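Working notes, beginning with the structure itself.
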Amino acid sequence: MTVLDGWWAYVFIAIAGWLATDIWRWLGVLAGNRLREDSEALSWVRAVATALVAAVIAKLILYPTGVLEQSPLWLRLGSVVAGSAAFFIGRQRPGVGIATAIAVLAAGLYMLGF
């Protein structure tokens with residue numbers, strides 16, 4: 026068996042993945058061009074997107090997997106609090122908040138022996 030024997034499966038996955046997502050992206054671009062920034066529809070989309078991001082973050086904090094599953098809840102919550110504080114102190118730059126949260130979490134995991 027050579028490396029190229031199963032290549033058609035990868036091509037199929039790539040094409041199917043592209044078709045499943047790209048059509049919706051183009052429809053979103055077409056629909057988005059017709060929306061006003063202060064419209065109710067766009068406000069609803071922003072609210073839903075924000076809620077989804079908050080839910081994913083809450084799931085990562087409260088029900089983690091891997092090494093984070095073994096880390097204490099107080100460390101995970103503490104890194105979020107530190108990252109949020111750094112975000113607001115650092116003129117609301119996401120990179121500052123994310124870097125601070127990761128640094129606090131990494132330092133805590135290191136001190137706990139992970």
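Residue numbers (the numbering used here): 26 to 139.
Glycine residues also receive a C-beta, built at the ideal position from the N, C-alpha and C atoms.
Quick caveat, the model's predicted, so the values are computed rather than measured.
Between residue i and residue j, what straight-line distance do the alpha-carbon atoms span, to the nearest angstrom?
{"i": "Gly133", "j": "Ala66", "result": "42 angstroms"}
{"i": "Arg50", "j": "Gly138", "result": "44 angstroms"}
{"i": "Glu62", "j": "Val70", "result": "11 angstroms"}
{"i": "Val92", "j": "Ala56", "result": "42 angstroms"}
{"i": "Val106", "j": "Gln95", "result": "19 angstroms"}
{"i": "Thr90", "j": "Leu98", "result": "13 angstroms"}
{"i": "Gln117", "j": "Arg59", "result": "30 angstroms"}
{"i": "Ala131", "j": "Ala74", "result": "28 angstroms"}
{"i": "Trp32", "j": "Gly42", "result": "15 angstroms"}
{"i": "Ala72", "j": "Ala110", "result": "23 angstroms"}
{"i": "Ala76", "j": "Val36", "result": "35 angstroms"}
{"i": "Met136", "j": "Lys84", "result": "24 angstroms"}
{"i": "Ile48", "j": "Ile38", "result": "16 angstroms"}
{"i": "Ala45", "j": "Ala34", "result": "16 angstroms"}
{"i": "Tyr88", "j": "Ser68", "result": "29 angstroms"}
Please state if the CB of residue j and the CB of residue i are separated by a distance shorter than 7 angstroms.
{"i": "Val81", "j": "Ser104", "result": "no"}
{"i": "Gly122", "j": "Phe112", "result": "yes"}
{"i": "Arg101", "j": "Ile86", "result": "yes"}
{"i": "Gly108", "j": "Ala126", "result": "yes"}
In chain order, what residues of the same chain have a beta carbon less than 7 angstroms from the beta carbon of residue i, not counting five sequence neighbours either side?
{"i": "Ile40", "result": "none"}
### Task
For the segment 69 to 122, list the alpha helix (DSSP H) runs that are entirely contained and at least 4 residues long, ordered along the chain.
92 to 95 and 98 to 114
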